[in-house]
Amino acid sequence: PMEFLFELFGKPCFPRGELVAVSGKAKSGKTFISSVLMSLCFKQEVLSVRPTDDKPLSVMWFDTEQSEESTQDILKNRIMPLAGLSEFPIERFNIFNVRADFWQERLPLLETAIRKYTPDLVIVDGIRDLVNDINDGVMSQEVIERLMHLAGETRCCMVNILHQNKALEDKNLRG
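Below is the structure:
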C-alpha cells in the first residue's frame, strides 16, 4: 500500500516514493504552498493539512530560483513562524540554494544531497532549472526518469514546482 506524508481534510496526499507537481502562474502562491508543506514537518497542522504520522519528518529544500537572501527571508519570516519554530532545526531541515550554480551541476547536486540526507520530503523550487532547454523533450524525460528513480529508491516525496506559461489563457506547464 502507498504511504502518505500528509492528509488534507482526512484525505491522504503526498505519497512516499513519488513525484508531485505544484504548478501555477508566477506569483500565484507556489512557494507559499511549499512553505506550508515544509512547516508541516515540524507541526501537527497547518491550514487543515496534517502529517499522517507522529514520527518526525525531515525536509530538504532545493531552491533554484530565489536569491540566497530571499531563501533566508522565506525560511525566517514564513516557514519558521508557520512551524512555530524559534530555532532552526538543522538535524531535520536541509536547505540548498543553487541558483548560482550552472544548470548542468544542479541535478547531480540534488541526487547527491538526497542520497546523503535521505529526507522524507523534498521541495524542488523550480524543476525547470535542472535542464538547459525546457522544450527539449529528451532531456526533460531523462531528468524526470532520474527523479522518479531517486524518489522510489529513497522513499521520499519529491514536490516539484513548475510555472505555467505566461499567457493568461494558456494554463499549460512550461516545457
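So for the sequence shown, our numbering puts the first residue at 562; every next one is plus one. Cβ coordinates follow ideal geometry from the N, Cα and C atoms, glycine included.
Inset, instruction - State the beta-bridge partners of F567 as determined by DSSP. - result: Partner(s): C574, P612.
Legend entry - Identified DSSP bridge partners for L682: DSSP lists V620, C718 as partners of L682.
Legend entry - Distance, S589 Cα to L643 Cα: L643 and S589: Cα-Cα distance of roughly 19 Å.
Legend entry - Through-space distance from P576 to G658, alpha-carbon basis: Per the sequence shown, residue 658 should be read as Asn rather than Gly. Approximately 25 Å between the Cα atoms of the pair.
Inset, instruction - Along the alpha helix (DSSP H) that carries F593, what are the first and last residues, could you check? - result: First-last of the alpha helix (DSSP H) with F593: 591–601.
Legend entry - Neighbour-count burial assignment, G687, 16 or more Cβ in a 10 Å radius: Under this definition G687 is a buried residue.
Inset, instruction - Using 10 angstroms around the beta-carbon of T625, count the other beta-carbons present and answer buried if the total reaches 16, otherwise exposed. - result: Within a 10 Å sphere around the beta-carbon of T625 sit 16 or more other beta-carbons, which makes this residue buried.
Inset, instruction - With DSSP collapsed to three states, give me the class of N638. - result: Three-state DSSP puts N638 in a helix.
Inset, instruction - Give the single residue among G585, K586, L618, D614 whose Cα lies nearest to the Cα of S600. - result: Ranking the options by Cα distance to S600, first place goes to L618.
Inset, instruction - For R716, count neighbouring Cβ atoms within 10 angstroms of its own Cβ and tell me buried if that reaches 16, exposed if not. - result: Exposed: under 16 other Cβ atoms inside 10 Å.
Inset, instruction - Take F654 and list the residues in its own chain whose beta-carbon comes closer than 6 Å to its own, dropping the five residues that flank it on each side. - result: For F654, where only same-chain residues beyond five positions count, the Cβ hits under 6 Å are V620.
Inset, instruction - Please confirm if the region 703–721 is in contact with the region 676–692, defined as three or more CB-CB distances below 8 Å between the two stretches. - result: They touch, by the three-pair rule.
Inset, instruction - Figure out for me which residue from I656, R660, Q665 has the closest Cα to the Cα of A674. - result: Minimum Cα-Cα distance from A674 among the listed residues I656, R660, Q665 corresponds to I656.
Inset, instruction - Within 10 angstroms of the Cβ of S595, are there 16 or more other Cβ atoms? Answer buried if so, exposed if not. - result: Buried, since its Cβ has 16 or more Cβ neighbours within 10 Å.
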